[in-house]
Each structure stands twice: as structure tokens, then as C-alpha cells.
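Asker:
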Amino acid sequence: MFSSRSAFCQQFVKKLELLSGKPFADTTSREQFLALGTMVREQLSPDWIATNERLRSEQGKQVYYFSIEFLLGRMLRQQLQYLGIEEVVEKGLLELGIPLSDIEEIECDAGLGNGGLGRLAACFLDSLASLQYPGHGFGIRYKHGLFKQKIVDGFQVEWPDPWLINGNVWEVRRSDEAVEVHFFGNVESSEAGGKLQFRHLNTEKVMAVPYDIPILGYQNETVNTLRLWSAEPSPFPPHQDIMRYKRDTEAITEFLYPDDTHDPGKLLRLKQQYFLVSASLQTIVRSFVKQKGDMRSFHERVVIQLNDTHPVLAIPELMRILLDEYGFSWEVAWDVTTRTFAYTNHTTLSEALETWPIHLFKHLLPRMYGIVEEIHERWCGQLWEETPGDWSRIEQLSILADGEVRMAPLAIVGSFCVNGVAELHTEILKKREMRQFHEAFPGKFQNKTNGIAHRRWLMKSNPSLTHLIDDAIGERWRSEPAALQELRKLEDDPNLLEQLRVVKRKNKSLLAQYVKEQFGIALREDAIFDIHIKRLHAYKRQLLNVLHILSLANSIREEPNHNWTPRVFLFGAKASPGYTYAKTIIKLIHSVADSINQDPIVRKYIQVVFLENYRVSLAERLIPAADVSEQISTASKEASGTGNMKFMMNGALTIGTLDGANVEMHNRIGAEHMFLFGLNAEEVMSYQRDGGYVAREYYTHDPRIRHAVDQLTNGFLPHTGDLFNTIVDSLIEENDTFFVLRDFASYLAAQQTVATSYDRMSWWRSTLVNIAESGHFSSDRTIREYAKDIWNIQPVSHEMY
Ligand code: 26Q
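Throughout the sequence shown, residue numbering follows numbering that gives the first Met the number 0, covering 0 to 800 in sequence.
#1: Can we say the stretch 672-685 touches the stretch 646-661, given the rule of at least three CB pairs closer than 8 Å?
#2: On the CB-based measure, 16 or more other CB atoms within 10 Å of its CB, does residue 432 come out buried or exposed?
#3: Taking 7 Å as the limit between beta carbons, can you name the residues of its chain near residue 590, skipping five residues before and five after?
#4: Consult DSSP for residue 287 and reduce its assignment to one of helix, strand or coil.
#5: To which residues of the same chain is residue 85 closer than 6 Å at the C-beta, ignoring the five residues directly before and after it?
#6: Touching or not, the stretch 189-199 and the stretch 14-30, by the rule of three or more beta carbon pairs under 8 Å?
#7: Beta strand (DSSP E) containing residue 485: first to last residue?
#8: Cβ of residue 638 within 8 Å of any heavy atom in the ligand 26Q?
#9: Extract the residue ranges of the beta strand (DSSP E) inside the stretch 684-751, only unbroken runs of 3 or more that lie entirely within it.
#10: What would DSSP say about residue 307, mapped onto helix, strand or coil?
#11: With a CB to CB cut of under 6 Å and the five nearest residues on each side skipped, what residues in its chain are close to residue 332?
#12: Could you pull out every residue in the same chain whose Cβ sits closer than 7 Å to the Cβ of residue 740, ignoring the five residues on either side in sequence?
#13: State the start and end residues of the unbroken beta strand (DSSP E) segment that holds residue 356.
#14: Here's the rule: buried if 16 or more other CB atoms are within 10 angstroms of the residue's CB, otherwise exposed. What is residue 573?
#15: Cβ-heavy atom distance between residue 323 and the ligand 26Q below 8 Å?
#16: Which class does residue 36 belong to by DSSP, given the choice of helix, strand or coil?
#17: For residue 265, which residues does DSSP report across the bridge?
#18: Out of 441, 174, 690, point me to the one whose CA is closest to residue 734's CA.
#19: Whose CA, out of 350, 412, 342, 744, lies closest to the CA of residue 372?
#20: So, is residue 487 buried or exposed, given that buried needs 16 or more other C-beta atoms within 10 angstroms?
#21: Indicate whether at least one CB of chain B lies closer than 9 Å to the CB of residue 712.
#22: Taking just the CA atoms, how far does residue 483 sit from residue 512?
#23: Looking only at its chain, what residues have a beta carbon closer than 6 Å to the beta carbon of residue 453, apart from the 5 residues adjacent to it on each side?
#24: So which of 291, 38, 272, 353 has the shortest CA-CA distance to residue 316?
#25: Tell me whether the stretch 736-755 and the stretch 534-554 touch, counting them as touching only if at least three CB pairs, one residue from each stretch, are closer than 8 Å.
#26: Apart from the five residues just before and just after residue 293, which ones in its own chain have a Cβ nearer than 6 Å to its Cβ?
#27: Should the stretch 51-66 be regarded as contacting the stretch 446-465, the criterion being three or more beta carbon pairs within less than 8 Å?
#28: Per DSSP, residue 72 forms a beta bridge with which residues?
#29: What residues are listed by DSSP as bridge partners for residue 62?
#30: Starting from the Cα of residue 604, find the closest Cα among 566, 640, 498, 571 and give me that residue.
#31: Assuming residue 32 and residue 97 make a contact with CB atoms under 8 Å, what is their CB distance in whole Å?
#32: What would DSSP say about residue 198, mapped onto helix, strand or coil?
#33: To the nearest whole angstrom, what separates the beta carbons of residue 457 and residue 219, a pair I think is in contact under 8 Å?
#34: Taking Cβ to Cβ, would you say residue 46 is nearer than 9 Å to residue 221?
#35: Please report the distance separating the alpha-carbon of residue 402 from that of residue 502.
#36: Per DSSP, which one or two residues make a beta bridge with residue 177?
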């Protein structure tokens, strides 16, 4: 169909007219997008069927990735690249007078995630397919993804994200594979032949309808599946109040929850979690049994990775299936279950660990509760035998405590492997946050440092750099990203360094053009582009960046004739709607931006821009244009970070703390190729243990700090009154939980080094070194490690067919 440009054009025009019912000349970009998307789907269909057939007949072990979030972004260009038809299509369309980039803009981001965790799941699917592993995703088809952010008068306002409003070309509804999920009701037990049997009665039934999305491997004929579940009323509804039943049912998959400062009262969130795991396990068990599998060896052909604790109900749900539906003994069921699941932890912030009130859990999921209670009791019994009388150990390790179900302990006890997402993070889990568990299960904890899909975050988003790399070292790196290291031979090639500079300038220019068109703001292209994009959280310390900007502006006013290096500070961040502190920081960034952009002296050198509605497709434009990557979390708080890797891969230099995966970047490139500052994790944790930090002393003794902090509340920022009192209070009265003032001087010094090093030969050499060493952070490496060390699965070979 895409064999030649003219064949493509002919097919495209025909498809477009058929679908739109209009002559070609009258069609809109949306209709063109739909036509092209439909053609792409038809093109990949045979490979999708073949991949599924292969998996069915081969009967090897498969991995299923359970995640409440998949932050996919846009898919069109990626599909074209993976099918190897981008050039034919792009040139063909141009002959018809249509820029592919215009059609691309029509596609809504699939924003079914909050940030790092959801995007990681999407990158993993990409690598699974590209490496030909038999691996599939299971998630939820939210009718509305993460809220859209609008900025009104400097404040964040949230709007629903109606991403499905024009349909979704990539999905296939599979009503024939719908299943039922049961909520509420009561559990009855009876004895038969000396054995207790349980029946879950009077339940509310919800239909789970799957929508499958094809996940292509890179030019390898593999098409895996992401199955997203949608909740619909059952065709046999309960007798009373049918309207309420319909509403309650549809509400289950209506919205993605924003990552709120944990509110355990949200019944709907728990409903989503059980809905996902119950429906997904039914699909998996059904296809396993259909292939004549014996449930006693389920774990030999199925491994399920739990992305954080959100899908952890899968553990008691598989127990339920084995006990109640297959009549297994507890011991055998537990053996199969604990050999099936592996759990990834994404946080060390103890306040973020998930818990559910028992009364709510029991009401919604009575059978799940009975099973969790028994898991808990047996586990505590085991602990008691190991260390009789050690109540404090049992308390720390127990699953039920203080009227709550603790999901992380359930996950650890019920799975055969627990992994952290960066070396430092895993060490902190093993030595501190989960030390007791690590001692109870020696060998269960592993590290799997996160990674990113280099195909999206370099090949797709940065074509200029991609071609430059191809010219320098050939194309092997595209399938073996570690080969980017070959660039290191060229560290002293002035010609290549100059070309890196040219590419960066070009990308900055493209971004400037976009920002001008979208937001009406003209960016100064000769400045350092210093970019801080991620969710807004106190521990990520956007505030530290803002205080530095205020301080830099103060210095410029003091010495207006000094030769200051021009800089553009770009921010992008969504704040959770209920997170007041984070929302105040967004307003603060806007107020500081206004004060600076209006100051006739300061604005000669610096510009501050907050870009509304940060999301995957915006990240793809920002990251290739970055000179400086802000990775400045309080050491020990950021589990890994993945934005850090994306910037590195695009040749930005990191200003950062030794936190998360920054530590591993540092190990690979050395301190001379990044700008490190601040306390390390040990130092932060010893302050937290022993005390001794008095934030007020830093405020009192450092005039630069005092000046900048005072500017938040002394009327320097116009029309803000006492809006920012709470921020100053968090620093002074609440003693600055995240060590912003402690790290301030060190951050300033690092920023000064950035300014003096910029655009020298050594800068571009560092850029080259960063790119060369970034291959390690491809999710291909990560997925190979999971496959070998946790999943025990092999790629599916095509050769035999
Ligand atoms: C919890 C309860 C109720 C509603 C929402 C949530 C919720 C949702 C999302 C809690 C947490 C998340 C997301 C967490 C996350 O993205 N963590 C990040 O994971 C990345 C991938 O491993 C790491 O790189 C980051 O360091 C980590 O912060």
C-alpha cells in the first residue's frame, strides 16, 4: 500500500474521500488525520494478528505490565517511523500540499498518567515490543486524562481533558472479550468435606470492556497489545435505581486521579484499582486455561509486574480465583501467587505510601478483605515464630494496622521480587524505609534503574541531532543505544562540536517559533535555555530555582554594566488541584516572571517564561532545545527521575543534586560534565535523624537569601499582597523541610559556573559526552534487565516462521 509515493497518494486520497464523504479539496486536517491513521492501522493489522498467533502457539512465558497509568502522548509519527514509511508518507503528503506536521497537530495527547510513573510504563511498552519480548500492558481507558492546565492571572485553573471527543483511531473495541467485575455484596462461608468454601453474593456487577491499542516494535514486525478497560453498565442491571447504577458504573473510568497529597477517602479510586486488576486477571487466566494450562503451573508461563502499589489488589484477586474458582488449598494458591507477581516501588516518601481504611475496603471488596486478613494473619504468625515477642518488628511489617490496609507491605509479602528504580533509591529502600522487609526477605530486593525510549526521546523528537549522530558514527546506536559511546572517540573533533552547537541553535529556534505562535512570547535565541519541567512538588524545589532567579536579578540591578550571560528560564509544571502549596508556587513563578520581564535593566539579560499545560508533546519540543536541565530535588527524595535522562540524551548539561539517577549519570560522565551542588543523600538523612539544621540562620546570615526571600512578601512583587506568606513560613517558621536555604549558596555558585562555562569549546565537549553516555539510560537496557533478572523471559524469534 505504501510501496511508492504515488501509490500512497492515490490510496490516501481514496481513503480520505471514502471516510469523509467529501472531495479531497474540501477535507479538513482532522479528516486527513483520521484517514492517515486508519491507513496506518490497516497497514499494521497483519503483523498484529501474526504476533498474537505466534504468542498463542508458542506457549512461552509472557509478562504483563499492570499500571493504573500509561502516559502515551501522541502516536502518529511514531507509528510511521516504526513501520518504516515516514519518508514516503511525508513526501507524498507534501505533493498533495499537506505538511505532515499539520496533521500531527490534530492528534490529542493520550494523557493517561500524571508524570514519571505513567511515562515509564509507556517507554517500557515501546522497549518490550522493539526488543520482541512477549509483553503486554493492562490499564484503564479513562474518558478524561490528566486535567488540562490553563493559566488565568498567574493562577492554575483545571479543565477536563476530553481526549476521546473525536474518537481514537488507534484503539479497537473488543466487546466480545468483555468481562464482569463484582463490587460490594457479602461473603458466605460453608463447610464441605472439612473444607471452608466462600461465596461472594449480592454483588453489584460492572462490565469491563477492553479497548486494545497496538504497540509497535521498531521496524521488526512485532505488534504487542496495550489493553485498556472501560466500565459500562451490565446488560442485566440490578432492579432498583437504574439511573444511579448507570452513573456509578460509568464514573469508574471517567477520570484519571491527579496525584494528590494522599487522600485515603476516595472510594472511587479503590474501585478503579480493583476494576483494573479483576478484569485483567480474567483475560489472562481465560487465555491461559484456553491453551490447556494447568493453573498449578500458572507462574511458569505468566509473570505480572505491578507498577507501584496501585494494582496490588491483583495479589488477593489471584488468590480468590485459585481458592474459590479452582478449589486450591491456601498453601498451593499462595505458592502460585507469590511466584507470579513482582512489585516496583517508585517512592521513598513515607507519606506517599498507599493505605486504605479497613471499613471502606471491606465494604467495597468484602472477599478481598477476607483474603487480605488471612494473608496478614499468616504473615504475622510466621513473624511470631521467627522472633517471638518482638512486637515492634511485627508492627512495622504488618499489613493491617491502625484501622488501615497497607498496600506496600501487601505487595512485598505477596510477590517474589521488589525493585527500586535507581541505585540510590534501592539502597535507601534496603537500608532505611524497608530495612525490616529486606532483612525478612534477603534477596527479594533488586535495583532496576529506569530508562527512557530513545526512539521517542531522541529519534522522534530531535531529528537534527539524530542525523548528526548517524553521520558521525553510523546507525547502529538506533537499535543498540549503548553504541552512542562511539561518540567519545570524537570528543576532540572541533568540527563535530561545532555541528552540535548548530543543531542546538536550530532546535532553540524551532522552539522559539512555536512559543511565539502558541503564546505570543518572543524568546531570545542567543540566551542559555535553562529548563525546569516536571510535576510541581515541594521536594522537586522549583522554589530554589525561583529564588536564584530573584537573586540573579538583584545582582544585575546592582551591577547593570557587568557582562551578564543572557538566559531564558523556562518552566512547565502541573500542580495537583488539591495541593495548595504547589499552586502558590505556580503563581509565584508568574509574579517573578512579570517583575523581571518588565524591568528595563534586568530584561536585557534574563527572561522568565512559564509554559502552560506541560505534557508529553510539549516536552518533545522543549527537551531538544535545552542547554541546561534543572534536576534539583532535595537529595534522597527523587526516586529516579526520567526527565534527567531525556535532557542528557539531547545534549543538555545537568545542574543537579546527587539524587535519584543523577548519581548514575555522574558515575558515568564524571563531575566535570555536569554542575553538581548541594547536600548529598547521607547529609540530608543525617540532618533528618540528628537535627541541627536551622533554616533561619541561613536567612539571617546570607544577605542574598534575605534579599530574595524578603521580596516574596515586601511588596516587591506587585499585586500579590500576602499571597506568598505561606511560602516564606514554610522556609522560616517550618524550618524548610526540603533544605532550600541550606542548598541556596551552593546552587548559586553552580549557576555562576554555568554562566561562565556556556558556549566554550568545553561546553560542547560536555554536551558530546552526555549524549555518548546516555545510551545506558535507554529503556531497552532497563527492559533487558527486568527480562533477565526478574521475569525470566526471552525475546520471541521470528526466524522460525
Ligand atoms: C495516589 C493516590 C491517589 C491518587 C493518585 C496517586 C498517585 C498517582 C501517581 C501517586 C503517585 C503517582 C506517581 C508517582 C510517580 O510518578 N513517581 C515517579 O516515578 C518515576 C518513575 O519511576 C520516578 O522517576 C520518579 O522519581 C518518581 O517520583
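Backbone N, C-alpha and C fix where the C-beta goes; we use that ideal spot for every residue, glycine too.
Answerer: Checking against the coordinates, here is how it stands:
#1: yes
#2: buried
#3: Close CB contacts of residue 590 within its chain, under the 7 Å cut and outside five residues either way in sequence, are with 153, 716, 719 (chain order).
#4: helix
#5: 79
#6: no
#7: No beta strand (DSSP E) contains residue 485, which DSSP labels as neither H nor E.
#8: yes
#9: none
#10: In this structure, residue 307 counts as coil in the three-state DSSP scheme.
#11: 318, 321, 322
#12: 694, 697, 698, 704, 730
#13: 354-356
#14: buried
#15: no
#16: helix
#17: Partner(s): none; residue 265 has no beta bridge.
#18: 690
#19: 412
#20: exposed
#21: Note that chain B does not occur in the displayed structure, where there is just one protein chain.
#22: So the two alpha carbons sit approximately 30 Å from each other.
#23: 480, 777
#24: 272
#25: yes
#26: none
#27: no
#28: 109
#29: 134, 302
#30: 566
#31: Residue 32 to residue 97, Cβ: 10 Å. No contact.
#32: strand
#33: Residue 457 to residue 219, Cβ: 18 Å. No contact.
#34: yes
#35: 58 Å
#36: Bridge pairing for residue 177: absent [DSSP].
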